[in-house]
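Since the structure comes first, as C-alpha cells, the remarks are kept for the end.
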Amino acid sequence: MRVEYTQVCCLQAGVALDRTRNSVYQQASSSVDRIPPRTTSSIGAAIAQLLPLMWPFVLWSLLSLPPLYFFSIAVLKKLSNKPAPPRPESLYYLSADEPDKPGGKLGSIKSSQATVELSVVVPAYNEEGRLGKGLAEALDWLEESRAAASQSAHHLDSHAVRSYEVLIIDDGSSDQTVRIALQLSIQHAARTHHHPDSQIRVISLGKNRGKGGAVRHGILHARGELILFVDADGATKFSELTKLMETLKRVQISSPMAGPTTSRKEQQQQHQLYGIVIGSRAHLVSSPTVVSRTKFRNFLMNGFHLYLFILGLQDIRDTQCGFKIMTRATAIRVVDGLHVEGWIFDVELLLRAKLIQDPKIPIAEVPIQWEEIQGSKLSVVKDSIIMAIELFLMRVNYILGVWDLH
3 MRVEYTQVCC
13 LQAGVALDRT
23 RNSVYQQASS
33 SVDRIPPRTT
43 SSIGAAIAQL
53 LPLMWPFVLW
63 SLLSLPPLYF
73 FSIAVLKKLS
83 NKPAPPRPES
93 LYYLSADEPD
103 KPGGKLGSIK
113 SSQATVELSV
123 VVPAYNEEGR
133 LGKGLAEALD
143 WLEESRAAAS
153 QSAHHLDSHA
163 VRSYEVLIID
173 DGSSDQTVRI
183 ALQLSIQHAA
193 RTHHHPDSQI
203 RVISLGKNRG
213 KGGAVRHGIL
223 HARGELILFV
233 DADGATKFSE
243 LTKLMETLKR
253 VQISSPMAGP
263 TTSRKEQQQQ
273 HQLYGIVIGS
283 RAHLVSSPTV
293 VSRTKFRNFL
303 MNGFHLYLFI
313 LGLQDIRDTQ
323 CGFKIMTRAT
333 AIRVVDGLHV
343 EGWIFDVELL
353 LRAKLIQDPK
363 IPIAEVPIQW
373 EEIQGSKLSV
383 VKDSIIMAIE
393 LFLMRVNYIL
403 GVWDLH
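Read in order, the letters of the sequence shown are residues 3 to 408 in the numbering used here.
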C-alpha cells in the first residue's frame, strides 16, 4: 500500500507540474499578445507582468534538473581522462653513476625542497633519431651558464643557472630512446667531471602515457626551483630561456605559505613564488614555415584557436609551444591536479592556472625563435578529433565541478 500511495503522489505531482507549465505558457503567450508594438514602456510593463508568472516554470525546471545533472556527471566521469597511476619502475631513475640499474628513488615535488635552480623536463617517445641533436644546444647552454655563474662569486647574472638537472622521460618507447638517453648522461657526466649540479637523469614510464603524462610525471619529481619543459626535437632555440626567465622574474607574484603545520609567524617569513611564462610562435603565422603547410592543416590550426577562444583562453595566442617555464610552487598548485595526458595537456595546464583564484597565477607569453623539425608523432586528422573531444570534456568537467581546483 505504501508503494502504491507513493506512486500515486508522484503521478499527481507530475500532472500538477505539467498543468502549471501549460498554464504559464498560455498566460505568457496572452500577455505577450497584449504588448503594443514599438512601445518601450509597454514592453517593460509586460515584462514586469510576466515575471511573477515565471516562477512556477522555473520551479518545474529546477525539479527536472537534478536527474539530468547527476546523469551528466556519471557520463562525464566515465568518458573523461584519469591520470594513470605510476608504474613501479617509473619511480626510479637511471644516470651516469649507475647506468645498468636504477640509481635511486625519485623524490616528490610536494614533499621535498628544491635542491637545484632549474629542472629541464624532456618527454621522449621513440626519439632515438632526434634526441641527441635536439638536446645538444640545451646542454651546451646549460653548462656554459653554470660555468659562468660558478666563476662569479656574487652570481651577478640573474639569468645564469648555477645548478640544474635534465630529466629525460621515456614514454614507453619501442626503439633505443633509453639507450641514447643514457649515452647522453654518461657523455655529459664525463664532460662535467660528474659534477653534482649538472646531472642528467633518465626515467622510464614503462608504458606509453602520452606527452602530457610524461611531462606531468617529470614535473612532479623535479628538484628545481624553476621547472622548464621542452620538446625533445630541439625546435626551440634553447638560449631563448633567458627571455622566459627575465619575464618570469618580472611577472611572478609572492604568496604566503599556508598549511595546517605552518604557524602565522612562519607564514609571514616564508613566501612562495607563482608564475608561468610560455614561449610563443604566434608571430610566425606569416612565416614560410607556416605558410608552406597544407591548407587543411592550417584550417585545423585556425579551428583549434577558435575553439580555445570559446573555451576562455582568448588572451593566449599559442598554447601548444613546447617551451614553458614555471615556479616550483606553481607546479605543485597546478600540475598535480592535471587530468589530460595527451597532446592538449598544455591547454588544461593554462586553463587550470587561469581558473585558480587563490593565488591568482600570472601567465605571460614571450615570442621565441622556433623552427619545425621533421619527425613529429602527431597524426593531424586522428589527433585533431581526439583533441576536440578532450577539449569539450575538459571544459564541461571544470564548469560542472567534476574536476576541482584543489
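We put the CB at the ideal spot given by N, CA and C, even for glycine. Keep in mind it's a predicted model, so treat the numbers as computed, not measured.
Asked	Found
Segment contact flag, the segment 186-194 with the segment 228-241, C-beta cutoff 8 Å, min 3 pairs	no
First and last residue of the uninterrupted alpha helix (DSSP H) at A333	R330 to V336
Buried or exposed (CB count within 10 angstroms, at least 16 for buried), A1	Outside the shown range of the chain, which is 3 to 408, sits residue 1, and nothing can be said about it.
Three-way DSSP call (helix, strand, coil) for D448 in this model	With the chain running from 3 to 408 in the structure shown, residue 448 is simply not present.
According to DSSP, residues forming a beta bridge with K107	Y94
Three-state class that DSSP yields for R203 in the structure shown	strand
Delimiting residues of the beta strand (DSSP E) encompassing S121	V118 to A126
Beta-carbon proximity list for M389, same chain, < 8 Å, skipping 5 on both sides	F306, G344, W345 and I346
Y95 versus L313: straight-line alpha-carbon distance, rounded	38 Å
Cβ contact (3+ pairs, closer than 8 Å) linking the segment 100-108 and the segment 118-126	no
Cβ-Cβ distance between G277 and T321 below 8 Å	no
Range covered by the alpha helix (DSSP H) that runs through H190	T179 to R193
Cβ-based neighbour list, D177, same chain, cut-off 6 Å, excluding 5 preceding and 5 following	N128 and E130
Euclidean distance between Cα positions of M328 and L250	8 Å
Beta-carbon contacts of V253 that lie in its chain and below 6 Å, excluding the five residues immediately before and after	G277, P364 and A366
Beta-carbon separation (whole angstroms), V383 vs I358, contact threshold 8 Å	That belief does not hold up - the Cβ atoms of V383 and I358 are roughly 34 Å apart, past 8 Å.
Whole-angstrom distance between V163 and L144, CA atom to CA atom	7 Å
6 Å Cβ shell around I391 - same chain, five flanking residues per side excluded	none
Of the listed residues I111, V204 and H273, nearest to P258 (C-alpha basis)	H273
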